[in-house]
Each structure stands twice: as C-alpha cells, then as structure tokens.
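Protein chains in written order, with the working numbering: chain A, 1 to 179; chain B, 180 to 280. Beta carbons are placed, not taken as given, at the ideal position from N, Cα and C, and that holds for glycine. Accompanying notes for the structure given below.
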Amino acid sequence: MMIVLLILTMVCAVQAVRASQLLNATICLAAVSALVAIMLYGTGAWQIATIELSVGTGLVTVLMVFAITMVGDEGETIKGQRLPLLLVVVAVLLLVTLTIPFLPVSVIDEQAPLSDVIWEERGFDLMLQVVLIFSGVLGVIGLLATRNTTEESQSDVSLVLSTQAENKQPSLTLEKDVA
Amino acid sequence: MSSMQALFIGSWFLLIIGMYGLMVARSLLKMVIALQLMVKGVIIILVVAGYLTGQLATGQSLAITVIAVDTLVAVIGLALVVQANAQHGTLDTDHIINAEG
C-alpha cells in the first residue's frame with residue numbers, strides 16, 4: 001500500500017514539474033501534498049499528517065491559485081535539460097551508495113508523546129516559529145503594499161519654525177513647495 | 180526492504196524531482212512549486228527517520244518546524260512573484276534577468 005502511494009506521489013510530482021500550465025502544476029502539487037499526508041498517517045504521525053493536509057493541500061494550494069489569478073496563467077516550455085539530468089543522475093548515485101546500505105531497521109518507539117517533546121524539549125523552536133510567522137506577515141504586507149505616486153506626494157516638503165502671534169509659542173509646521 | 184525503508188528512499192526521489200524542477204523551470208511560480216516538492220520530501224524523510232530510529236516524536240516536532248517555515252517561504256515567494264509580474268509584466272526569468280533598469 002505504501003509503495004503504491006509512493007509511486008502515485010512520484011507520478012504527480014513529475015507531472016507538476018512537466019506541466020506547461022501553472023494551474024495544472026498547482027493541482028498536481030496539491031495531489032502530492034494529499035498523498036504525502038496519507039503516507040505520514042501510515043507511519044503513525046497522524047498529527048503531522050493533519051497539519052500537512054490542511055496547510056500543504058489547503059492553504060498553499062489556495063494561495064497559489066490566488067497568485068495565478070493575479071498574474072495570469074502563461075504556459076511555459078522547459079529549458080535545455082542536459083546539466084540538470086546529469087545532476088539528477090549524480091544525486092541518485094549518491095543516494096544509492098551513501099544511504100541505502102546504511103538504512104536502519106525500525107526499533108520500538110519508547111519516546112515521550114509528541115506534546116511533551118514539543119512543549120518541553122523544543123519550546124524554543126516554537127517561539128522562533130511565532131517570530132518567523134510574525135515577520136513573514138510583515139514582509140508580505142510590505143511587499144504587497146501599493147505606493148501613492150500622486151503629484152502631492154512628490155513635491156518638496158520642508159519644516160518651518162514659526163511663532164504664532166496669538167499665543168507667542170514657537171511651533172513647527174510643514175510647508176509644501178509645489179514645483 | 181520494509182515499507183518504511185522504501186518510503187525513506189522514495190522521499191529522496193521526491194527531493195531529487197523537486198531539485199530537477201527548480202533547475203529547469205523558467206517561470207518564477209514553477210520554481211516555488213518545485214521548492215514545495217523538495218520540502219515535501221524533506222518532511223517525509225524527517226518523520227520516517229524518526230520512525231526508523233525509535234524517535235518519532237522528535238521527527239514530528241522537526242517536521243512541524245519545517246512545515247511552518249515552508250509555508251512562510253511559499254507565502255513570501257508568491258508575494259515576490261506577484262510583485263515581479265507587476266514590475267516586468269512576465270514571470271519568465273530570462274526576461275526578468277535581461278530587463279533594463
């Protein structure tokens with residue numbers, strides 16, 4: 001069953017890379033995310049499977065479709081493929097020689113539950129994730145903000161120190177020199 | 180070979196397919212998609228490595244961190260894609276690199 005899911009995942013991943021239309025590639029990516037979530041559930045990591053299903057298959061797919069709606073779905077052709085294929089072959093050779101001979105056999109899981117590990121051992125990671133997410137939100141707001149480029153905003157402005165006759169208090173005013 | 184070991188090797192292939200997609204893609208959005216494929220492979224590798232070494236909870240906690248950061252990267256990448264399209268009118272990297280200004 002796991003091997004069948006793995007083969008389906010590979011097929012969807014290859015199609016996501018080869019698809020000429022961005023929307024087709026996005027749908028294939030969503031299929032890969034869903035299959036990955038099922039495989040993660042099969043390993044016993046049901047919490048991660050749930051998160052991957054909701055975030056990877058749901059949120060990221062919706063965001064990509066939204067981005068495609070904004071930029072348009074222009075088809076693309078794949079570039080010359082000799083060097084990438086050579087690098088893929090080298091990567092597969094490294095995998096075969098350095099990883100497969102040393103694969104461990106599964107042992108009994110005697111570790112504490114996930115909640116204990118996350119809150120007690122990796123609490124610092126959680127704080128970092130909160131900071132990262134907050135900074136990411138600020139980054140996206142900054143990237144997508146639109147600038148006001150009217151004539152008024154391009155005029156020279158200067159600070160003028162003046163005294164008001166009524167109360168004889170010094171005040172700082174902003175005056176615009178429109179060109 | 181057990182199914183978990185096969186899953187471990189298969190996730191490496193997912194990483195390699197994402198790497199290949201990143202190298203051959205001309206569209207910026209396609210690059211974001213290829214990056215997502217690579218991270219999916221990494222997530223499986225982390226969880227399966229935890230399973231094979233008897234530390235599934237540690238593998239899951241690392242995978243949670245990777246999912247959070249990956250989503251952030253996808254969001255910021257898509258925002259950059261939208262801005263690049265607004266600036267250059269295309270997502271083709273060759274046109275963007277050769278554009279003047």
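CA-to-CA, the gap between SER190 (chain B) and TRP46 (chain A) works out to about 18 Å. By the CB criterion at 9 Å, VAL140 (chain A) and VAL254 (chain B) fall inside the cutoff.
ASP273 (chain B) carries a helical assignment under DSSP once its states are collapsed to helix, strand and coil.
Apart from the 5 residues on each side of it in sequence, TRP119 (chain A) sits with its Cβ closer than 8 Å to the Cβ of LEU126 in its chain, given in chain order. In this structure, DSSP gives SER181 (chain B) a state outside helix and strand, which the three-state scheme calls coil. Spatial neighbours of VAL32 (chain A) in its own chain (CB-CB distance under 7 Å, excluding positions within 5 residues in sequence) are listed in chain order as THR9, CYS12, ALA13, ALA16.
The beta-carbon of PRO101 (chain A) is placed no less than 9 Å from the nearest beta-carbon of chain B. A direct Cα-Cα distance of roughly 12 Å separates ASP249 (chain B) from LEU59 (chain A). In the DSSP assignment, TRP119 (chain A) falls outside any alpha helix (DSSP H) and carries neither an H nor an E.
In the displayed model, SER206 (chain B) falls within a strand according to three-state DSSP. Contacts between GLN21 (chain A) and chain B, judged by CB atoms closer than 9 Å, are missing: the closest CB pair is about 10 Å apart. For ASN264 (chain B), the nearest CB of chain A lies under 9 Å from its own CB, placing it at the interface with that chain.
Taking 9 Å as the CB threshold, THR9 (chain A) lines the interface with chain B.
Within a 10 Å sphere around the beta-carbon of VAL92 (chain A) sit fewer than 16 other beta-carbons, which makes this residue exposed. In the three-state scheme derived from DSSP, where H, G and I count as helix and E and B as strand, PRO101 (chain A) is classed as helix.
In the three-state scheme derived from DSSP, where H, G and I count as helix and E and B as strand, GLU52 (chain A) is classed as helix.
Between the segment 181-200 of chain B and the segment 217-232 of chain B there are three or more C-beta pairs closer than 8 Å, enough to call the two in contact. Residues of chain B whose Cβ lies closer than 9 Å to the Cβ of GLU52 (chain A) are, in chain order, LYS219, ILE222, ALA242, ILE246. Taking a beta-carbon distance threshold of 9 Å, THR43 (chain A) counts as an interface residue toward chain B. The Cβ-Cβ distance between ILE246 (chain B) and GLY56 (chain A) falls below 9 Å.
Think of a sphere of 9 Å around the beta carbon of LEU214 (chain B): no beta carbon from chain A falls inside it, the nearest being about 10 Å out. Counted as a single uninterrupted DSSP element, the alpha helix (DSSP H) harbouring SER33 (chain A) occupies residues 22-42.
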